[in-house]
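Undergrad: In this note's numbering, the protein residues as written are 167 to 304. Here a beta-carbon is modelled for each residue, glycine too, at the ideal position from N, C-alpha and C. Keep in mind it's a predicted model, so treat the numbers as computed, not measured. Sending over a structure as structure tokens; questions will come in a sec.
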Amino acid sequence: MNVIHLIGNIGRKIELKTVGSTIVGKFSLATSSTYTNKAGEKVTETQWHDIEAWGKTAEVLERFTDKGHKLQVSGELRYDKYTNNAGTEVTRAKVRLTEFTFLQPREGGTSGPTNAEKSQVGKDEDNYDWTQDDALGF
Numbered sequence: 167m168n169v170i171h172l173i174g175n176i177g178r179k180i181e182l183k184t185v186g187s188t189i190v191g192k193f194s195l196a197t198s199s200t201y202t203n204k205a206g207e208k209v210t211e212t213q214w215h216d217i218e219a220w221g222k223t224a225e226v227l228e229r230f231t232d233k234g235h236k237l238q239v240s241g242e243l244r245y246d247k248y249t250n251n252a253g254t255e256v257t258r259a260k261v262r263l264t265e266f267t268f269l270q271p272r273e274g275g276t277s278g279p280t281n282a283e284k285s286q287v288g289k290d291e292d293n294y295d296w297t298q299d300d301a302l303g304f
């Protein structure tokens, strides 16, 4: 089973692009952990995670979130391999988002989408649930 759960803050506004006829959104999520070092000082470490959302999920996140908003995400850990300009093969981890929870109300006092919008998350215009489809490949 390949499942990852993260709670953190959005690092940059979600960027939407179209792949074929499907929308994909990419953003970063910062998670932090705190520990006490040998000198007794509290140390906070921040890790950055690349997150990828598809279809209506990406559109809802782009509409209702912004940089700094707190979000819980669940998804699959995936790896992209490519060759950079220097000719070196690079591997990057990303989370392909399958579920999320708003942890911070949007400005104006309400949190997240309406019930009608929630019912469409994960479904395309033909009401096909693309969250169950592995055919897209990335």
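(1) Return the bridge partner residues of S199 from the DSSP annotation.
(2) Could you tell me which residues DSSP pairs with D216 in its beta bridges?
(3) For a quick check, are the C-beta atoms of L195 and T223 less than 8 Å apart?
(4) Report yes or no: is there a C-beta of chain B within less than 8 Å of the C-beta of E211?
(5) Check for me: the beta strand (DSSP E) holding T267 runs from which residue to which?
(6) Starting from the Cα of L172, find the closest Cα among E181, E207, S199 and E225 and give me that residue.
(7) Can E265 and S240 be called in contact, C-beta distance under 8 Å?
(8) Is the beta carbon of V190 closer than 8 Å to that of K183?
(9) Give me the Cα-Cα distance between D216 and G186, rounded to the nearest whole angstrom.
TA: Reading from the atomic positions:
(1) Residue mapping note: residue 199 aligns to position 33 of the sequence shown, counting from 1. E211, per the DSSP bridge assignment.
(2) Residue 216 sits at position 50 when you count from the first residue of the sequence shown. DSSP lists S194 as partners of D216.
(3) Here the question's residue 195 lines up with position 29 in the sequence shown. Here the question's residue 223 lines up with position 57 in the sequence shown. Not a contact, by the Cβ cut-off of 8 Å.
(4) In summary, chain B is missing from the structure at hand, where a single protein chain is found.
(5) Taking the sequence shown and counting its residues from 1, one reaches residue 267 at position 101. Taken as a continuous stretch (DSSP letters only), the beta strand (DSSP E) holding T267 covers E255 to F268.
(6) The residue given as residue 172 occupies position 6 in the sequence shown. It is S199 whose Cα lies nearest to the Cα of L172.
(7) Numbered from its first residue, the sequence shown carries residue 265 at position 99. Numbered from its first residue, the sequence shown carries residue 240 at position 74. It is a contact, given that the beta carbons lie within the stated cut-off.
(8) Along the sequence shown, one-based indexing puts residue 183 at 17. Along the sequence shown, one-based indexing puts residue 190 at 24. In contact: K183 and V190 (Cβ atoms closer than 8 Å).
(9) As a working note, residue 216 is residue 50 in the sequence shown. As a working note, residue 186 is residue 20 in the sequence shown. Distance between the alpha carbons of D216 and G186: 21 Å.
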